[in-house]
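Trainee: In our numbering, the protein residues as written are 106 to 511. Pasting a structure below so you can have a look.
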Amino acid sequence: MIKELSGLSVHEIKACSYTLSKIINELRSCNSFSLEQEAASKRISDDKKIFFIIYLRYYNFNMSKKVSTFIFFIFVLFHKQLLLASDYSIAFGSCLDQRKAQPIWHSIEKMDPNAFIFLGDNVYGDHPSQNLAYLYEAYDQQETKLPRWLNTLKIYSIWDDHDYGLNDGGASFMGKKESQNIFIDFWGIDPNDQRAKREGIYFSEKLVIQDLNIKIIGLDTRYFRSDLKGNKNFYLNNNDENASILGATQWQWLENEFNEEVDLVILLSSIQVLSTDHRFEKWSLFPAERDKLIKLINNSSNKTLILSGDRHRAGMYKLDEIIEITSSSMNKPIKTFSEKKGFEKYFDQAMDWVFYEDDELALDKTYIKENFGFIKIYSEQKLLELNIFDINGKSVLSHNLKLSKS
């Protein structure tokens with residue numbers, strides 16, 4: 106075996122690294138394994154499961170013998186430590202402009218997350234003409250910008266208006282069906298996935314870390330949303346009893362999802378749920394919808410963490426036992442006068458004051474420069490360590506969340 110390994114090229118070593126990461130993420134995030142051929146019908150040990158996964162999925166179909174042998178050799182040495190690892194981490198962010206540089210990925214890579222969540226505005230392809238050629242072009246450009254190592258992670262994604270195809274768009278957007286097809290194609294969503302069969306890109310997936318059961322629920326706040334009232338950036342509350350953000354079908358689905366008991370629900374919403382004290386898009390523009398969602402969460406036995414984007418600022422919020430973390434933007438921050446004029450060091454404090462946003466539910470001040478969110482899950486302690494990191498990987502906001510519901 107060692108003799109075979111000595112002939113590996115640098116390219117093949119890199120291939121091993123990427124493939125090994127994929128297998129590790131699969132093993133650590135799944136409760137059971139769907140094994141092909143005879144392995145599917147047998148009750149086999151974890152050691153044999155590992156062998157079958159490597160042999161059937163990676164040796165038979167994709168990889169040379171020496172590369173497959175190398176991966177199996179690594180697992181023989183280290184698989185128990187990998188499977189018994191009790192920590193898991195998820196990075197997340199939003200508002201990623203394909204026309205701009207994306208240096209923030211370097212800091213995210215150093216954090217070594219197991220998964221990444223795209224919270225919307227994952228490209229900027231909207232246009233007033235509603236011509237989806239701009240959206241196709243945006244995705245094509247973004248594909249060349251995203252780092253290759255993302256392919257080794259579990260990816261979750263929802264959309265917001267700029268990757269939906271119409272700024273502040275909702276149910277009346279004429280191109281929404283084609284936009285959904287573009288979304289499904291770009292993110293490589295399986296044709297058998299419900300998102301490929303029904304209207305809207307909402308979804309739920311299970312994540313098991315040791316004995317900790319987590320459900321990740323992604324909402325679609327665009328496809329079914331009623332029209333906004335008022336003028337752009339100065340929207341008014343829509344109190345129409347028939348107005349909706351999620352639509353009847355998605356609401357029924359969401360209520361069923363919350364009926365299942367888990368240790369934690371991570372709820373993904375492209376727009377902010379808890380924050381109310383700003384003039385932009387938010388759940389509170391539809392007061393009845395926001396109240397309905399909060400009631401659903403509070404009446405559930407599940408601990409719930411909300412992740413949101415959209416705002417080009419990061420923040421942490423709390424209402425009752427509900428925590429919301431907003432991470433935005435990854436590379437499209439609020440433009441300050443200091444940045445435009447090149448005197449940033451002299452104007453930082455002044456800009457903090459100009460762009461200061463107060464919200465009675467905020468746990469701390471908000472952060473207006475490039476940022477990403479990070480969840481460190483400690484399954485044994487049933488603890489979440491929540492952080493917002495700046496472009497250099499420095500924590501600017503933090504909070505700990507225990508997974509025992511009060």
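Backbone N, C-alpha and C fix where the C-beta goes; we use that ideal spot for every residue, glycine too.
Does the beta-carbon of Glu426 have 16 or more other beta-carbons within 10 angstroms, so that it is buried, or is it exposed?
Mentor: exposed
Trainee: According to DSSP, is Thr354 part of a helix, a strand, or is it coil?
Mentor: helix
Trainee: Name the two residues that bound the continuous alpha helix (DSSP H) containing Thr249.
Mentor: Ala238 to Lys250
Trainee: If we ignore side chains and look at the alpha-carbon of each, how far apart do Asp464 and Thr471 end up?
Mentor: 9 Å
Trainee: Where do the N-terminal and C-terminal ends of the beta strand (DSSP E) with Thr422 fall, by residue?
Mentor: It should be noted that the sequence gives Tyr, not Thr, for residue 422. From DSSP, the beta strand (DSSP E) with Tyr422 extends over Gly420 to Leu424.
Trainee: Examine the ligand NAP and report whether any of its heavy atoms sits within less than 7 Å of the Cβ of Ile399.
Mentor: As presented, the structure is devoid of all ligands, the ligand NAP included, so that no description of it is given.
Trainee: Going straight from the alpha carbon of Pro296 to that of Asp469, what length do you get?
Mentor: 42 Å
Trainee: Taking only the alpha-carbon atoms, compute the straight-line gap between Asp231 and Leu255 and give it to the nearest angstrom.
Mentor: 25 Å
Trainee: With respect to the alpha helix (DSSP H) encompassing Leu398, which residues constitute its N-terminal and C-terminal limits?
Mentor: Leu398 -> alpha helix (DSSP H) spans Pro392 to Asn404.
Trainee: For Asn505, which residues from the same chain have a beta carbon less than 8 Å from its beta carbon, with the 5 sequence-adjacent residues on both sides left out?
Mentor: Leu488, Leu489, Glu490 and Leu491
Trainee: Identify every residue that forms a DSSP beta bridge with Asp192.
Mentor: Tyr483
Trainee: Report the CB separation of Leu372 from Ile322 in whole angstroms; it is logged as a contact under 8 Å.
Mentor: 5 Å
Trainee: Give me whichever residues DSSP pairs with Thr409 in a beta bridge.
Mentor: Val370
Trainee: Assign His267 to buried or exposed, taking buried as 16 or more other Cβ atoms, counted over all protein chains shown, within 10 Å of its Cβ.
Mentor: In the assembly as shown, His267 is a buried residue. Its beta-carbon has 16 or more other beta-carbons within 10 Å.
Trainee: Exposed or buried, what is Phe339 when buried is set at 16 or more other beta-carbons lying within 10 Å of its beta-carbon?
Mentor: exposed
Trainee: Name the residue from Ser277, Leu240, Asp273 and Leu324 whose alpha carbon lies nearest to the alpha carbon of Asp290.
Mentor: Leu240
Trainee: Which of helix, strand or coil does DSSP assign to Thr471?
Mentor: coil
Trainee: Tell me which same chain residues have a C-beta within less than 7 Å of the C-beta of Ile222, skipping the five on either side of it?
Mentor: Ile195, Phe197, Tyr261, Leu373 and Leu412
Trainee: Taking the beta strand (DSSP E) that Asn318 falls in, what are its first and last residues?
Mentor: Leu317 to Gly323
Trainee: Give me whichever residues DSSP pairs with Thr431 in a beta bridge.
Mentor: Ser413 and Gly420
Trainee: Got a sec? Which residues, its chain only, sit under 8 Å from Ser500 by beta carbon, not counting five neighbours each side?
Mentor: Non-local C-beta neighbours of Ser500 in its own chain, meaning closer than 8 Å and more than five positions away in sequence, comprise Asn492, Ile493 and Phe494, ordered along the chain.
Trainee: Please name the residue or residues paired with Ile260 in a DSSP beta bridge.
Mentor: Phe221
Trainee: Out of curiosity, what's the CA-to-CA distance linking Gln207 and Arg416?
Mentor: 18 Å
Trainee: In this structure, does DSSP put Met504 in helix, strand or coil?
Mentor: For the sequence presented, residue 504 should be read as His rather than Met. His504 falls in the strand class under three-state DSSP.
Trainee: On the three-pair Cβ rule with 8 Å, is the segment 420-440 touching the segment 334-348?
Mentor: Between the segment 420-440 and the segment 334-348, the count of Cβ pairs shorter than 8 Å is below three; the stretches do not touch.
Trainee: Between Ala145 and the rest of its own chain, which residues show a CB-CB distance below 6 Å, the 5 nearest in sequence each way excluded?
Mentor: Caution applies to Ala145, whose pLDDT of 35 falls short of 50 and renders its modelled position unreliable; the value that the coordinates give is listed next. Cβ within range, chain order: n/a, list empty.
Trainee: Count the other CB atoms within 10 Å of the CB of Ala243; is the residue buried (16 or more) or exposed (fewer)?
Mentor: buried
Trainee: Let me make sure I understand the geometry here. Which of Leu466, Lys282 and Glu310 has the alpha-carbon closest to that of Leu379?
Mentor: Leu466
Trainee: Output the boundary residues of the alpha helix (DSSP H) element that contains Asp268.
Mentor: Asp266 to Tyr269
Trainee: Report buried or exposed for Glu475, applying the criterion of at least 16 other Cβ atoms within 10 angstroms of its Cβ.
Mentor: Per the 10 Å Cβ criterion, buried.
Trainee: When burial is assigned at 16 or more other CB atoms within 10 Å of the CB, is Gln203 buried or exposed?
Mentor: buried
Trainee: Can you tell me where the beta strand (DSSP E) with Phe288 in it begins and where it stops?
Mentor: Note, Phe288: premise wrong, no beta strand (DSSP E); alpha helix (DSSP H) at Lys281 to Phe291.
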